[in-house]
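Okay, so the sequence shown: first residue is 3 according to the working numbering, each after it adds one. Idealized CB from N, CA, C, for every residue including glycine. No experiment lies behind these values; they were computed from the predicted model shown. Here the structure comes first, spelled out in structure tokens, and everything after it is commentary.
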Amino acid sequence: MANFLAEVDEALKQERVARFWNSYGGFVLGTALMIILGTAALSGYRVWDSGIKSAQTEKLLNALSAEDPASELIALSKDLRPGLKTLALWQAAGELVKKDDKAKALELYAQINKDPASPPDFRHLASFQMARLIAQSDPETGLSLLEKVANDVSNPWNNLARLEVAVLQAHHKKNFKLAREHLATILKSESLPQSLERKARSLDMLYGLQEPQTQEDIAPAGGEQEQKPEKK
Numbered sequence: 003m004a005n006f007l008a009e010v011d012e013a014l015k016q017e018r019v020a021r022f023w024n025s026y027g028g029f030v031l032g033t034a035l036m037i038i039l040g041t042a043a044l045s046g047y048r049v050w051d052s053g054i055k056s057a058q059t060e061k062l063l064n065a066l067s068a069e070d071p072a073s074e075l076i077a078l079s080k081d082l083r084p085g086l087k088t089l090a091l092w093q094a095a096g097e098l099v100k101k102d103d104k105a106k107a108l109e110l111y112a113q114i115n116k117d118p119a120s121p122p123d124f125r126h127l128a129s130f131q132m133a134r135l136i137a138q139s140d141p142e143t144g145l146s147l148l149e150k151v152a153n154d155v156s157n158p159w160n161n162l163a164r165l166e167v168a169v170l171q172a173h174h175k176k177n178f179k180l181a182r183e184h185l186a187t188i189l190k191s192e193s194l195p196q197s198l199e200r201k202a203r204s205l206d207m208l209y210g211l212q213e214p215q216t217q218e219d220i221a222p223a224g225g226e227q228e229q230k231p232e233k234k
């Protein structure tokens, strides 16, 4: 009896398997095939993508060693992927700055800054570089732009911008007190790079020596203390 029940149970199992296969066998095979093809396609894409990046990187390096790197990089950037395109434009802007073509360099920095496909850090750095370049020929406008970058907490270069603000306040505006306030803000920042901290402290010491004394500390004209009237 037990053997008979076991045979019946096995027959039922086989029947259920047969029904399942008749109903879903095609789907199972199709799914398995899609997984296999998908894995192969992904592997193929990675190989192709890696090859494209390598080829474009090689072109970028060749452009850097060209007779006119800026022109070569700008022309090449149109055919590059977003990350490499940004890098090409950045290098081109640097080459233009070396040639003192700041107007064209500013155009490239602005292009990087406005391109949503550019890496965020490069967009932020471009806004900082634009402000610095403008400040060299137009301190007032540059100061305003640098202050905007310095007050942008999402910009990883804000402390560098604030350092530039401090320098402009001291050397252009002769406002050593405000310059030191900006330096104090920098020195309060967490995880401050040592090089930036050293620069901020050095400037703070320098500006502290040049900052005018308060009115109470300034002796009257002639260097004599004011005589108080004697009481009779």
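- In terms of CA proximity to residue 90, 76 leads the group 198, 140, 172 and 76.
- Non-local C-beta neighbours of residue 161 in its own chain, meaning closer than 8 Å and more than five positions away in sequence, comprise 152, 188, 191, 194 and 198, ordered along the chain.
- Ranked by how close their Cα comes to the Cα of residue 98, the residues 206, 74 and 156 have 74 in first place.
- Here residue 184 carries a helix assignment [DSSP, helix/strand/coil].
- For residue 142, the number of other beta carbons within 10 angstroms of its own is below 16, and it is reported as exposed.
- Here residue 135 is near residue 104, since their CB atoms are less than 7 Å apart.
- For a cut-off of 8 Å, the C-beta gap from residue 163 to residue 130 is around 5 Å, short enough to register as a contact.
- One Cα belongs to residue 157, the other to residue 63, and the distance between them is close to 29 Å.
- The C-beta distance from residue 133 to residue 165 rounds to 12 Å, too long to fall under 8 Å, and the pair is not in contact.
- Using a Cβ distance threshold of 7 Å, residue 65 and residue 78 count as a contacting pair.
- For residue 68, the closest of 93, 57 and 87 by C-alpha to C-alpha distance is 93.
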